[in-house]
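Peer 1: Letter by letter, the sequence shown follows residues 48 to 221 of the working numbering. We put the CB at the ideal spot given by N, CA and C, even for glycine.
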Amino acid sequence: NCLQAVPNPAHAALARLNRTMGGRVMLVTQNIDDLLERSGATEVVHMHGELLRALCAACGHRWDAPAEMAPADPCPACGRAATRPDVVWFGEYPYHLDRIAAALAACETFVAIGTSGNVYPAAGFVHEAAAAGARTLELNLEASEIALDFDEARQGPASRIVPDWVDAVLAAQG
């Protein structure tokens, strides 16, 4: 149950980076939980949706999910029985790809955290960012399948290496 999950120091560090640097930081996640938001992040792009949101498969209306939902539940907008979790199922098109592509084309630094490096389109983001001139960094427990595609790769638990990296970034900002 994602409501029982607790944010870790990596979530807290990313939220701090997001709040401190404002619009200069976009957090894109493939996770469907709200751990970044519960850590205080204000700019989170959920490319695979959010488990705590509901979606009407008939009209596309989205709303906060009830504690329990079923496909037969009526949509609050159109009334049809087409309720589902607002998550991207296998074979569906991820959300916000235009927004993500625009950010990748303009970013100075691209960091991938906790990735296998084999789920596309996210696994290709490093190439898009690098082509735009961004410095690229992978922070992962172990080197991913695409670690060599990054300018730098650091290994270790996210709860340790992400806060260390965020501290260094913020210290360099003055």
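Give me the residue from L98, A114, T130 and A179 with the minimum Cα distance to P121.
Peer 2: Checking every option, the nearest Cα to that of P121 belongs to T130.
Peer 1: Can the beta-carbon of E175 be found less than 8 Å from the beta-carbon of A148?
Peer 2: In this structure, A148 lies closer than 8 Å to E175 by Cβ.
Peer 1: First and last residue of the alpha helix (DSSP H) that includes N65?
Peer 2: From DSSP, the alpha helix (DSSP H) with N65 extends over P56 to M68.
Peer 1: Out of H108, P132, P113 and D81, which has the shortest C-alpha to C-alpha gap to A124?
Peer 2: Here the closest residue by C-alpha is H108.
Peer 1: Straight-line CA distance for V53 to Y142?
Peer 2: Those two C-alpha atoms are separated by around 25 Å.
Peer 1: The alpha helix (DSSP H) with L83 in it runs from where to where?
Peer 2: Element bounds for L83: L82 to R85.
Peer 1: Span of the beta strand (DSSP E) holding W110?
Peer 2: R109 to D111 is the extent of the beta strand (DSSP E) around W110.
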